[in-house]
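Enquirer: I am attaching a structure below and will ask some questions about it afterwards.
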Ligand code: HMG
Ligand code: MG
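Numbering (UniProt numbering), first residue to last: 1 to 298.
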């Protein structure tokens, strides 16, 4: 009998590093990703083809992608907001990208400078060209449990954006609690509502830990049937357009949480801890992962 498994999408080198005040050199970003691959991660966001004026930390993502060694079964992905981003990703040899929409109008304006509907229209040619090129596209919905700029985000708005991204051809929809304000009961209702329009196997959970709820929210989504989760080594991260947001749930927390329940992740925890120590040292910061802190002090 094969063990039940959960798939982790490592977003530390993108969602994590995009929110650090310093822009790390390409060589460090490449080494981080290669250490994460060595630890067993198989889907990794390596950068973002966005405006370097908006997010300077993701400048030179093309060089990061070009330098990464290819391994069978390992996928490097990158965010693209428009055709210009897709073309840059293609030129850098990317085989998978992610588009990102929001369920909140205010966040959409502040993050990508257009309305939700304009963003969805902008993604149509991106999806069409990606399909032509045989590239897979993932879709994000941000602000699924609240918006940093205060507007309410009805569940129906999240469901609509998730449905449209899926209908457009995104193979997976990652539901982003950008500001980490969700709690397990709301997560369960949200997943149930989205799963009525998008197959549960095509939903992923993307939880930030701003209020310390991320692990509880992951468990709620797991119990509701989600089997794909985004996480960030050492709990790095946040969002440059979400003031006060802290990192994504730490990858170390999820590996510990899932392994303790007999769910395979393919990740070797000691090797993961080493990758975390590497990026903590590069940033000159203490780890935000409680699991890493606990295991290192043993
Ligand atoms: P804009 O100013 O409206 O774009 O920005 P524009 O089309 O008017 O072009 C203006 C300039 O940007 C031009 O350059 C373009 O060439 C350039 P100029 O002629 O002035 O020198 N430009 C680009 N440069 C590089 N790559 C591109 C690109 N497109 C245009 N793809 C734009 C619109 C979308 C570009 C801008 O708002 C942007 O880059 N936003 C980035 C936002 C971002 O990366 N946010 C963080 C990721 S989202 C997130 O973290 C949430 C998530 O984790 C899920 C969750 O937590 O919920 C995914
Ligand atoms: Mg995020």
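Think of the CB as a built atom: it goes at the ideal place given N, C-alpha and C, for glycine as much as any other residue.
1. Examine the ligand MG and report whether any of its heavy atoms sits within less than 7 angstroms of the Cβ of residue 248.
2. Which class does residue 34 belong to by DSSP, given the choice of helix, strand or coil?
3. Tell me whether the segment 68 to 88 and the segment 40 to 55 touch, counting them as touching only if at least three CB pairs, one residue from each stretch, are closer than 8 angstroms.
4. So, for residue 162: in the same chain, excluding its five sequence neighbours on each side, which residues have a beta-carbon less than 6 angstroms away from its beta-carbon?
5. So residue 93 and residue 65 are in contact, right, with Cβ under 8 angstroms, and what is the actual spacing, rounded?
6. Specify the secondary structure class of residue 188 as computed by DSSP and reduced to three states.
7. Tell me which residues share the same chain as residue 290 and place their Cβ nearer than 6 angstroms to its Cβ, disregarding the 5 neighbours each side in the sequence.
8. Quick one: Cα of residue 1 to Cα of residue 95, how far?
9. Taking the beta carbon of residue 261 as the centre, do at least 16 other beta carbons fall within 10 Å, making it buried, or is it exposed?
10. Less than 8 angstroms between the CB atoms is what I'm expecting for residue 40 and residue 247, so what's the real figure, rounded?
11. Mind pulling the alpha helix (DSSP H) runs of 4 or more residues that sit fully within the segment 65 to 97?
12. Roughly how far, in whole angstroms, is the beta-carbon of residue 82 from the beta-carbon of residue 122, given that I think they are within contact range, below 8 angstroms?
13. Give the DSSP-derived three-state secondary structure of residue 271 in the structure shown.
14. Which term fits residue 138, buried or exposed, when burial requires 16 or more other beta carbons within 10 angstroms of its beta carbon?
15. Can you tell me the Cβ-Cβ gap for residue 165 and residue 205, rounded? I've got them flagged as a contact below 8 angstroms.
16. Using a Cβ distance threshold of 8 angstroms, determine whether the segment 99 to 117 contacts the segment 143 to 158, with at least three qualifying pairs required.
17. Kindly identify the DSSP beta-bridge partner or partners of residue 136.
18. Using the beta-carbon count (16 or more within 10 Å), is residue 296 buried or exposed?
19. Considering only heavy atoms of the ligand HMG, does any lie closer than 7 angstroms to the CB of residue 79?
20. Pop quiz: residue 181 and residue 146 are said to be a contact at Cβ under 8 angstroms. What is the actual Cβ separation, rounded to whole angstroms?
21. Which word fits residue 256, buried or exposed, when buried means at least 16 other C-beta atoms lie within 10 angstroms of its C-beta?
22. Should residue 92 be listed as close to the ligand HMG, given that the test is whether its C-beta is under 7 angstroms from any heavy atom?
23. Determine which residues share a DSSP beta bridge with residue 177 and list them.
24. In the DSSP assignment, find the unbroken beta strand (DSSP E) run with residue 7 in it and report its ends.
25. Grab me the residues of residue 275's own chain with a C-beta within less than 6 angstroms of its C-beta, minus the 5 sequence neighbours each way, in chain order.
26. Between the Cα of residue 70 and those of 57, 30, 51, 88, spot the shortest distance and give me the residue it belongs to.
27. So, is residue 113 buried or exposed, given that buried needs 16 or more other C-beta atoms within 10 angstroms?
28. Assuming residue 251 is part of the alpha helix (DSSP H), what are its boundary residues?
Expert: In this structure, then:
1. yes
2. helix
3. yes
4. In its chain, beyond the 5 residues on either side, 141, 173, 194, 198 have a beta carbon closer than 6 angstroms to the beta carbon of residue 162.
5. 6 angstroms
6. helix
7. Hits under 6 angstroms: none found.
8. Reliability of the predicted coordinates at residue 1 is poor, the pLDDT of 42 falling under 50, and the value obtained from them is presented with this limitation in mind. Roughly 32 angstroms between the two C-alpha positions.
9. So residue 261 counts as exposed.
10. Actually they are not in contact, since the Cβ atoms of residue 40 and residue 247 sit about 21 angstroms apart, beyond 8 angstroms.
11. Unbroken alpha helix (DSSP H) runs of no fewer than 4 residues, entirely contained in the segment 65 to 97, are found at 83 to 91, following chain order.
12. 5 angstroms
13. helix
14. buried
15. Residue 165 to residue 205, Cβ: 15 angstroms. No contact.
16. yes
17. 96
18. exposed
19. yes
20. About 4 angstroms; that satisfies the 8 angstroms criterion.
21. buried
22. no
23. Residue pairing by DSSP places residue 177 opposite 207 in a beta bridge.
24. 7 to 10
25. 35, 36, 39, 233
26. 30
27. exposed
28. That run of the alpha helix (DSSP H) goes 251 to 260.
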